[in-house]
Structure formats: structure tokens, C-alpha cells
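Asks: In the numbering used here, the protein residues as written are 1 to 466.
Structure in C-alpha cells, see below.
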Ligand code: FAD
């Protein structure tokens, strides 16, 4: 049984490793480094940079904690870059080691689908192309930054997140196009590093699609740090003169800066990869799949950012594991329908590493209503939490949405300290059908910020009547 995986990001390598664990002979094709966007240009480098930004913020607040720090922390870009690269290198080498241990053959080169179950690879070193036939092929070529047509990305002052992560410099003044997750994380990092930051967002709110209370809280916190927002507006053109860029907004205003960081989102990476030619149905740039990650061509599966949906690393990873299991099950089952698995997206958290952090899982009350769920909502604030107050991070709240009567948890939204960690107890509860009463009856250690989850759950249980 041979499986060929195209793309070595978190989706692709998770699929390759799972297939190998299940006994398949696996070829993993990657044109750059294993780890994909997540390790090399996404999750990990941004969180490494944000950690430094957090230290700058903490240092500036030292007096509040009874400490005297001589001078202010300033950024040494070279050291920042070196630390980021060391963290990335460590993680990439761990993925490479896992590939070796699991006997996954990694082929470095530019791959494309040359037939239903054939991947053709042009090696990085320019040698002759090689063809790899599999009993199944898993497509995991990820995504690329979306480039707005009105912005000339060839200008040296126009960056995408890839350029920002390269850390050639910290711009003194920066205009960020897009108030989504990537835009807001960079806004927090840059403003902490002392940049003058303006965010321009097309929609009337930041983090489009997110619960209103969350949006209001996070925008206020980021504004308080000194970031300016232009909402319901758009950058219509960018011109460069010398080292400066000028962005003209739809409202007619012009903004000047050193850099325009274009972060309006990402799009599936499917161009020129032979997908439609092999008969694979597409939905614009995304590869279309069913709930089991089967494409329209038998034996070809697709996962991760390439199929759109929740474009997150842990989602890609889970889809990769499930697609590998399904592909193996299909190949091993003869004369009967294989048992195929799917992913329960409603229990997967999504996190934003802003200051403070944001984490959500499942539905808000508004989206529960759209799904005809009669839901109640309970909110508990960090302002009364001992651990949060002691840490000097008492902004924000935990909001739990639960079904009236049963108390079944349908979602939660957290803004505040360690939000990206504490969301998981709610995700576990949702995954296993627990109610707010179950959460409320679980004694939480004191003092912890997680106690706020228990308070919200207690209130929700009262409101649900469960
Ligand atoms: P990718 O990670 O994009 O991997 C695709 C791989 O395929 C790449 O290695 C690429 O080189 C390879 N490839 C593409 N075409 C070919 C080809 N023709 N031949 C061979 N190889 C090919 N997600 C989170 O969950 N948390 C975060 O905090 C987070 N932060 C982010 C911050 C930024 C700035 C960005 C840009 C993204 C962030 N993401 C985050 C999103 C996350 O990185 C992606 O969702 C995730 O990497 C998707 O995994 P994937 O395997 O589908 O694709």
C-alpha cells in the first residue's frame, strides 16, 4: 500500500505520519522545508515575535509590579530574528526526525498532480523530474497570502506576512490592511515594539464574523495600546516615493508610512498544480471534498488550507490524520464499505494571540439562534479573579453559550489572560457532550484564571435551569 502526500505542512506531515503508522509506504513531497506555513512563516514565528513584544510591554509596566528597570526595552532586530530562526529550526528538525523514524521518504521538489494517482516532482536541485505513483494521493499544498489587486505587491514598501516574519526591520510607521487574526497579531507586536500602527479594515468590525462582545473588547484594548483603526474603509491604492508609501483610502483620506502590510487573508494554493486537469472539482481556488476528505477523483484526498474552511494549523493536522486513516481504510477494505471518519469542527477552538488573547469555540448566541438553538448566555469577568489581578492582566471575560433546559454547551468566547489555554476545558466538555452543570460541578484549583470558566458555567447552569 503506497500513499503519496503532496505538501509537508502540518496537514501533509500529519497525514504522512499517520499513514506510515498504519503500515503504508509513504512518500512526502515538499518544495521548501517541512513544517509548511505554520512552522516557517505562520503560527510559530508570529508567537515567538509576540513573546518578545509581551516582554517589552511587561518591562514598560515594571513600576506597577514594584520593580525598577533602568531604561526601556528596545528591539535588537538581529537577535529577535536569530531567536525566531532557532525556534523554527528546532521544530523543523523535530518534524524531519519524525519522518526518518517513521520511514517516511521525504522528496524535496516542486510537485504537481500529473494523473489521478501520480505526482510528478521537479527536484529542488534541478535534476530530472521523477514520478511517484500511489494507491492513494493526499493533496496538502496549503495556502498563500491573498493579494488585493489594487495593491502593487512589487513595491518594496508593500509587505505580506511572509515579509514581516522575515524581520528585516521593524517599520517605524506601518499601515496594516486587514483587521483579521494576522493583522491584529502584527498590530500588537509592532505597537509594543514602538511602531506607529494603523489598521484599515473593509468590514465595520475587526475579526469579522466574531461575537460582538469579543470584538468590542479586543478593539478597545488594542486602541488603548495606541493602534488607530479605520473600519468600513479600504485601501484603494498604494504609491511609493523613496522609502515612504502612501495609501489612499476609499474615504478619500491618505495615510503615509514606511510599510503597508497587506494582510487581508489567505487563499488556497491550487494554481498550476494540475488539479482541475486531473478532474478534481474546485470551488474557486479551494479543492472540493466530501466530509471524509475525498475529492471528486477516486483515490485522491485533500486536506488543510487547500480545502478552505477553518484555515488553522490544528485543523489541517486533524484533517490530515483523518484523511490518512480513511485512505488506508479504503485501501484495506475489500468487498464492503470502509468505515470512514470525519472531523467535528464545532468543537475545535480558534485563537488569536493579541494582548489580551482571544479564544472561541463553537457558536456565539447569535449563531446558535441562526441554527434554531434556544440558547442562553452567561458571562464572568476576570476583574474579580485573584490570579488575573495578581498577574496584572484582569481585562476581559469568559462567555458561555448553552442550550436552555439541557445545559448542553454550544459555544464559548474568551477574551483575557491565558484565553488560548483555558478554552480547551470547554472544548473537551463540548466534544464529550457535557453540560454547563458538569463544568460548574468540577472543582477548579485556586487561584487560577480557569475559575472564571467555572463561574460562567455556574451562571449558565442557573439560566438554563439544568
Ligand atoms: P501549509 O502549512 O501552507 O503547508 C503546505 C506545504 O505545501 C508548504 O510547506 C508548501 O511549501 C508545500 N507545497 C505547496 N505547493 C507545493 C508543491 N507544488 N510541491 C511541493 N510542496 C508544495 N494557524 C493556527 O492554527 N494558529 C496560529 O497561531 C496561526 N498563525 C498564523 C500566522 C500567520 C502569519 C499565518 C500566515 C498563518 C497562521 N496560521 C495559524 C495558519 C496556519 O499556518 C495554516 O492554517 C496551516 O499552516 C495550514 O497547514 P497546511 O498543511 O494545510 O498548509
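All residues carry an ideal CB built from backbone N, CA and C; glycine is no exception.
Since this is a predicted model, take the numbers as computed values, not measurements.
Take residue 27 as the anchor and find which of 33, 16, 34, 35 has the nearest alpha-carbon.
Replies: The sequence position of residue 27 within the chain shown is 27, counting from 1. Selected option, being the one with the closest Cα: 16.
Asks: So the beta strand (DSSP E) residue 130 belongs to, where does it begin and stop?
Replies: On the chain shown, residue 130 is found 130 positions in, with the first residue counted as 1. That run of the beta strand (DSSP E) goes 130-133.
Asks: Using DSSP with H/G/I as helix, E/B as strand and the rest coil, what is residue 382?
Replies: To locate residue 382, count along the chain shown from 1; it is residue 382. Residue state, collapsed to three classes: helix.
Asks: By the 10 Å Cβ neighbour count, where 16 or more other Cβ atoms means buried, how is residue 275 classified, buried or exposed?
Replies: Residue mapping note: residue 275 aligns to position 275 of the chain shown, counting from 1. Result: buried.
Asks: From the DSSP output, in three-state form, read off residue 348 for me.
Replies: Position 348 of the chain shown, counted from the first residue, corresponds to residue 348. Note: residue 348 maps to coil in three-state DSSP.
Asks: In terms of alpha-carbon separation, which member of 143, 122, 139, 4 lies closest to residue 308?
Replies: Within the chain shown, residue 308 is the residue found at index 308, counting from 1. The candidate whose alpha carbon is nearest that of residue 308 is 143.
Asks: Tell me the rounded alpha-carbon separation between residue 321 and residue 238.
Replies: By one-based count along the chain shown, residue 321 stands at place 321. By one-based count along the chain shown, residue 238 stands at place 238. Rounded to whole angstroms, residue 321 to residue 238 spans 42 angstroms at the Cα level.
Asks: Report, in whole angstroms, the separation of the C-beta atoms of residue 31 and residue 110, which I expect to be a contact under 8 angstroms.
Replies: The residue given as residue 31 occupies position 31 in the chain shown. The residue given as residue 110 occupies position 110 in the chain shown. Contact holds; Cβ gap of about 5 angstroms.
Asks: State yes or no: is the C-beta of residue 143 nearer than 8 angstroms to some heavy atom of the ligand FAD?
Replies: Start at 1 with the first residue of the chain shown, and residue 143 comes out as number 143. Yes, the Cβ of residue 143 comes within 8 angstroms of a heavy atom of the ligand FAD.
Asks: Report whether the distance from the Cβ of residue 466 to the nearest heavy atom of the ligand FAD is below 8 angstroms.
Replies: Within the chain shown, the letter at position 466 stands for residue 466. Incorrect: residue 466 has no Cβ contact closer than 8 angstroms to the ligand FAD.
Asks: Return the Cβ separation of residue 260 and residue 165 in integer angstroms, given the expectation that the two are a contact with Cβ distance under 8 angstroms.
Replies: Start at 1 with the first residue of the chain shown, and residue 260 comes out as number 260. Start at 1 with the first residue of the chain shown, and residue 165 comes out as number 165. The Cβ separation is near 16 angstroms, so there is no contact.
Asks: Does the beta carbon of residue 456 fall short of 8 angstroms from some heavy atom of the ligand FAD?
Replies: Within the chain shown, numbered from 1, the residue matching residue 456 stands at position 456. Because no heavy atom of the ligand FAD lies under 8 angstroms away, the Cβ of residue 456 does not count as near it: no.
Asks: Could you tell me how far apart the beta carbons of residue 324 and residue 19 are, in whole angstroms, since I believe they sit closer than 8 angstroms?
Replies: Position 324 of the chain shown, counting from 1, holds the residue named residue 324. Position 19 of the chain shown, counting from 1, holds the residue named residue 19. So it is a contact: roughly 4 angstroms between Cβ atoms.
Asks: Could you spell out the range, first to last residue, of the beta strand (DSSP E) harbouring residue 123?
Replies: On the chain shown, position 123 is the one that residue 123 refers to. From DSSP, the beta strand (DSSP E) with residue 123 extends over 118-123.
Asks: Evaluate contact between the stretch 344-354 and the stretch 423-434, counting only Cβ atoms and requiring at least three cross-stretch pairs below 8 angstroms.
Replies: Cβ pair count under 8 angstroms is three or more, so yes.
Asks: Does residue 12 come out as helix, strand or coil in the three-state DSSP assignment?
Replies: Translated into positions along the chain shown, residue 12 becomes position 12. Correct three-state label for residue 12: helix.
Asks: Could you tell me whether the stretch 405-417 touches the stretch 456-466, using the rule of 3 or more Cβ pairs below 8 angstroms?
Replies: Counting Cβ pairs under 8 angstroms, three or more are found: they touch.
Asks: Under the three-state reduction of DSSP, which class applies to residue 110: helix, strand or coil?
Replies: Translated into positions along the chain shown, residue 110 becomes position 110. Note: residue 110 maps to strand in three-state DSSP.
Asks: Taking 8 angstroms as the cut-off, does the CB of residue 18 come closer than this to any heavy atom belonging to the ligand FAD?
Replies: The residue given as residue 18 occupies position 18 in the chain shown. Result no, Cβ not under 8 angstroms from the ligand FAD.
Asks: Whose C-beta lies closer than 8 angstroms to the C-beta of residue 228 among residues of the same chain, with five residues either side of it excluded?
Replies: Numbered from 1 along the chain shown, position 228 holds the residue referred to as residue 228. Counting only Cβ-Cβ distances below 8 angstroms, and skipping sequence neighbours, we find 197, 198, 199.
Asks: Rounded to whole angstroms, how far is the Cβ of residue 119 from the Cβ of residue 6, which I believe are closer than 8 angstroms?
Replies: If you number the chain shown from 1, residue 119 lands on position 119. If you number the chain shown from 1, residue 6 lands on position 6. The pair is a contact, with the Cβ atoms about 5 angstroms apart (cut-off 8 angstroms).
Asks: Leaving aside the five residues before and after residue 121 along the sequence, list all residues of the same chain whose C-beta is less than 6 angstroms from its C-beta, in chain order.
Replies: Against the chain shown, residue 121 aligns to sequence position 121. Contacts found: 29, 107, 109, 111, 130.
Asks: Could you tell me which of 105, 49, 179 sits nearest to residue 169, measuring between CA atoms?
Replies: Taking the first residue of the chain shown as position 1, residue 169 is located at position 169. The shortest C-alpha separation from residue 169 is found at 49.
Asks: Could you give the C-beta distance for residue 210 and residue 360, rounded to a whole number, given that I count them as a contact under 8 angstroms?
Replies: Translated into positions along the chain shown, residue 210 becomes position 210. Translated into positions along the chain shown, residue 360 becomes position 360. Correct: roughly 7 angstroms between the Cβ atoms.
Asks: Mind reading off the beta-carbon distance from residue 331 to residue 135? Whole number of angstroms is fine, and I expect it under 8 angstroms.
Replies: Numbered from 1 along the chain shown, position 331 holds the residue referred to as residue 331. Numbered from 1 along the chain shown, position 135 holds the residue referred to as residue 135. At roughly 5 angstroms, the Cβ-Cβ gap stays under 8 angstroms, so residue 331 and residue 135 are in contact.
Asks: With distances taken Cα to Cα, identify the nearest neighbour of residue 296 among 278, 310, 305, 420.
Replies: The residue given as residue 296 occupies position 296 in the chain shown. The candidate whose alpha carbon is nearest that of residue 296 is 278.
Asks: Using beta-carbon positions only, say whether residue 352 and residue 175 come within less than 9 angstroms of one another.
Replies: Taking the chain shown and counting its residues from 1, one reaches residue 352 at position 352. Taking the chain shown and counting its residues from 1, one reaches residue 175 at position 175. No.
Asks: For residue 313, verify whether its CB is less than 8 angstroms away from any heavy atom of the ligand FAD.
Replies: Counting from 1 along the chain shown, the entry for residue 313 is found at position 313. Residue 313 Cβ: within cutoff of the ligand FAD.
Asks: Taking all protein chains shown into account, do 16 or more other C-beta atoms lie within 10 angstroms of the C-beta of residue 125, making it buried, or fewer, making it exposed?
Replies: Along the chain shown, one-based indexing puts residue 125 at 125. Exposed: under 16 other Cβ atoms inside 10 Å.
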